[in-house]
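**Q** Starting off with a structure, shown below.
Residue numbers (my numbering): 21 to 298.
Written as structure tokens, this is what we have:
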């Protein structure tokens, strides 16, 4: 074989093909009746009835349920069999955690780079052929980060329980009670930042006695909610006026990153670091 035909770089597989084994979590769900075909490698959302469908224009990052996997299926159309898909009511295999190959429709993926899902198309700005549900490697449009402030007007006391985003921290155990509300605000912000689940979504900063909470990936649909003090608590915390999270044409997925470059077919590997859709 002539040396000129021996490749020196391997492709990154086929869209929807699981690329790593050993940390692969998947589920099978029916494609919702009356919805579009779900192609191998497409992002999906999970409906309340347990069915799935393509990630759409009205969805936010929290709706992401995984990537449709490439499986052996009987061909229903001949000869067009280049891209397999699941049609309505068919069982769809979905990777919820692990590595998988997918088409990067725009941008240049880098290891550790954010994975975006397209929810809008703007003529003259979006790439030719752009479609809702495409995956890409760059933000498009001007997303707005959700944000809010929380003012501690009365300092906390030991054993006060403060809850934000489903996470409850106990004063004196999970964070220190400072000599002033400002000191406690700094300790509480640091404790929330140390929580892996919350810090994947928000950043927490204290300025005097005010905790500033900002969405880590602008436009992800994570407008900060309430920060409450448990019954009988001493602390008084007042929320400001929230800035609502608003996407551009793309939504950044949480804990989902590109884990390779891109081959000549625009296929790259992405990794879901935590389980999605549960």
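C-beta atoms are modelled at their ideal positions from N, C-alpha and C, and glycine is treated no differently.
Residues in its own chain within less than 6 angstroms of residue 43 by CB, not counting five upstream and five downstream?
**A** 118
**Q** Alpha carbons only, please: which of 47, 46, 86, 55 is nearest the one belonging to residue 122?
**A** Nearest of 47, 46, 86, 55 to residue 122, Cα basis: 86.
**Q** Specify the secondary structure class of residue 81 as computed by DSSP and reduced to three states.
**A** Looking at residue 81 - three-state DSSP - the assignment turns out to be helix.
**Q** I need the straight-line Cα distance from residue 172 to residue 194, nearest angstrom please.
**A** 17 angstroms
**Q** Can you tell me the Cα-Cα spacing of residue 260 and residue 180, whole angstroms?
**A** 21 angstroms
**Q** Between residue 159 and residue 272, which are expected to be in contact by the criterion C-beta below 8 angstroms, what is the C-beta distance as a whole number of angstroms?
**A** 7 angstroms
**Q** Quick check: what's the CA-CA separation for residue 115 versus residue 293?
**A** 12 angstroms
**Q** How long is the line joining the alpha carbons of residue 9 and residue 176, rounded to whole angstroms?
**A** Past the edges of the chain, shown from 21 to 298, lies residue 9, and the structure says nothing about it.
**Q** For the 8 angstroms Cβ check, are there 3 or more pairs between the stretch 121 to 139 and the stretch 282 to 289?
**A** yes
**Q** By alpha-carbon positions, which one of 188, 111, 248, 32 ends up nearest to residue 53?
**A** 111
**Q** Just curious, the beta strand (DSSP E) that residue 62 is in, first and last residue?
**A** Segment: none, residue 62 is in no beta strand (DSSP E) and carries neither H nor E.
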